[in-house]
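Quick notes on the structure that follows.
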Amino acid sequence: MATDSETRLKSIVQTAVDGIITIDERGSIDTFNAAAERLFGYRANEVIGKNVSMLMPSPYRDQDDEFLAQYLATGDKKIIGIGREAVGRRKDGSTFPMHLSVGEMRLGDKRFFTGILHNISDRKQAEERALQEERLAAIGQMIGVVTQESRNVLQRMVANLEMAAMEIEDRPEALEYISRTQAAQDDLHHLYEELRSYAARITLERELCRVDHLVGQVLNDISASHKSRQIRLRPNNNGCDTRCEVDPFRMNQVFRNMVENSLAACADPLSIELLLSDTEFKGRAAVDLCYRDNGTGLNEEQRRRMFEPFFTTKTKGTGLGMAISKRIVEAHGGQMAVGGKVTPGGAEFLITLPRQSA
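In the UniProt record's numbering, the protein residues as written are 1 to 358.
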């Protein structure tokens, strides 16, 4: 019969926020608390008695077997009593970064090892974002200087080309060459602006906005400049309150990039379906926005590389639009991903936006 202290200890282990696992000298799992079940997706009865290596991908599983064997043979504490970063493997095969602390205990003549595990995915993502922002800030400073100097050069070129055009008004072939050069200058200026926008630190001026209305505004603006195109929007709010605290200018950039991509990929009439629903994201109330067009869809490479800087399938374009869009959504505390499957059923994008700023 369990004593009060044993019952108290078991209750503490089971209610702990971090995963707690004990193994014996052979590496077999002896106990597996509720937090460990949530971390790895296994029930305790699925893992108890099995080797702990099942919870780690290679090469970590092989290393831990070696560390344990070496410690038992020599007493060399490479992992015992030391906190370190490792990688866990869930039941579904996915992996996650974790902080692992291992301690040793004896019960009679038996020796056990206790591992305390903490999922550090959020911390790793935050560190990566901070590092990326530092890199982009440095690049942005450099590009800012290059852009300013290039703008001055381009302005001189524009002025000289306009003067040259006036001198040869009666020579249409020469005027055509000047027109092509001016178009190339416009493309170069656009490239510099895209680079500057991508590398610049994103600052937000938030307002309470209906995100479906923002999409509608973007479509109205684009329709006005593409009068020859047929564009239809089919919104479905599902009774969802679509208001979020966002920067309307920045979110318009996101929606404009998606619509312009659809215009390039879809024949008339372009039909855009917009589905909105309530959700939770990282413990906060949020809105899910699903954007679908009626184009040819995305192949596997396009799905994999959609948000990769400089990746584009267009004959003209920098390949930065969707990379910038993803950064903007993440700056709002949300996430952006490619949805759907590899089918000819059109492109689909999923955006999740917290209702309020953190």
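Note that CB positions come from ideal geometry on N, CA and C, so glycine has one too.
Residue 358 sits in coil when the DSSP states are folded into three classes, being neither helix nor strand. Residue 189 sits away from residue 161, with the two beta carbons spaced by 9 Å or more. For residue 251, the uninterrupted alpha helix (DSSP H) segment begins and ends at 248-265. Going by DSSP, residue 218 is part of the alpha helix (DSSP H) stretching over 211-225. Listed in chain order, the alpha helix (DSSP H) runs fully inside the region 276-337 are 300-305 and 321-331, counting runs of at least 4 residues. For residue 218, same chain residues with a beta-carbon under 7 Å away, outside a window of 5 residues either side, are 252, 255, 256 and 259 in chain order.
Inter-residue distance for residue 97 and residue 86 is about 6 Å (C-alpha atoms, whole angstroms).
In the DSSP annotation of this structure, the continuous segment of the alpha helix (DSSP H) that includes residue 45 starts and ends at 44-47. For residue 35, the enclosing alpha helix (DSSP H) begins and ends at 34-40.
Burial is judged here by how many other beta carbons sit within 10 angstroms of a residue's own beta carbon; residue 220 has fewer than 16 and is exposed.
Contact between residue 185 and residue 157 holds, since their C-beta atoms are separated by about 6 Å, short of 8 Å. Distance from the CA atom of residue 129 to the CA atom of residue 332, rounded to whole angstroms, is 13 Å. Leaving aside the five residues that flank residue 321 on each side, the residues in its chain whose CB is nearer than 6 Å to its CB run, in chain order, 257. The three-state reading of DSSP puts residue 16 in coil, since its state is none of H, G, I, E or B. Put simply, of 270, 15 and 289 the residue whose alpha carbon is nearest the alpha carbon of residue 230 is 270. Ranked by Cα distance from residue 300, the options 347, 202, 276 and 283 are led by 347. For residue 83, the enclosing beta strand (DSSP E) starts and ends at 83-89.
Under the criterion of beta carbons closer than 8 Å, residue 353 and residue 334 qualify as touching, at roughly 4 Å. Residue pairing from DSSP leaves residue 241 without any beta-bridge partner.
Look at residue 169 here: in three-state DSSP terms it is coil, with no helix or strand label.
In this structure, residue 308 keeps its C-beta atom at 9 Å or more from the C-beta atom of residue 292. Judged by DSSP in its simplified three-state form, residue 105 adopts strand. DSSP, reduced to helix, strand and coil, places residue 179 within a helical segment of the structure shown. In the structure shown, residue 162 adopts helical secondary structure according to DSSP, grouped into three states. Here residue 295 is buried, its C-beta having at least 16 other C-beta atoms within 10 Å. With respect to the 9 Å criterion, residue 235 and residue 208 are not classified as neighbours on the basis of their beta carbons. In the structure shown, residue 98 adopts extended strand secondary structure according to DSSP, grouped into three states. When 112, 210, 290 and 124 are compared, the shortest CA-CA separation from residue 31 is found for 112.
Restricting attention to 35, 25 and 183, the CA atom closest to the CA of residue 12 is found in 35.
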